[in-house]
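Scroll down for the structure; my scribbles are underneath it.
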Ligand code: SF4
C-alpha cells in the first residue's frame, strides 16, 4: 500500500513537471521575439553601416550588457536588436 502511494506521488510529480515544460519553452520563445515585417521595411541588418549602429542610435534600448541584444523604440515586439545592427531609421544619439 505504502509503495503504491509513493509510486502514485512520483507519477503525479512527473506529470506536473512535464506539463510545465511547454510553458517554460513558450516563455523563452516569447522573450526572444523579432518583428520581421518591420525589420524588412526598415532594411534592418545585423551589422553596422560605417559608424552608424544601433548602439549609437537614439532609438536603441540596450539589453542586459553592452553586447546583449536590446530593443528598438520604433520596432515594437522585437527584443533581438543587435547593438551592432543598423537600419534606415538610424538617428544619432544625442
Ligand atoms: Fe537600430 Fe534602426 Fe532601431 Fe536605430 S532605429 S536602434 S538603427 S533598428
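In this note's numbering, the protein residues as written are 6 to 99.
The C-beta atom is built at its ideal place from N, Cα and C for all residues, glycine as well.
Under the three-state reduction of DSSP, residue 92 is assigned to coil, being neither helix nor strand. With a contact defined as Cβ atoms closer than 8 Å, residue 58 and residue 74 miss out at about 13 Å.
For the ligand SF4, no non-hydrogen atom lies closer than 7 Å to the CB of residue 50. Cβ-Cβ distances below 6 Å link residue 66 to 75, 76 in the same chain, with the five nearest sequence neighbours on each side left out; the list follows chain order. Set against 7 Å, the gap from the CB of residue 90 to the closest heavy atom of the ligand SF4 is smaller. Residue state for residue 38 is assigned as coil, using DSSP reduced to three classes. Your pair residue 78 and residue 64 checks out as a contact, with CB atoms roughly 4 Å apart and the cut at 8 Å. Shown here, residue 60 sits in a helix according to DSSP, grouped into three states.
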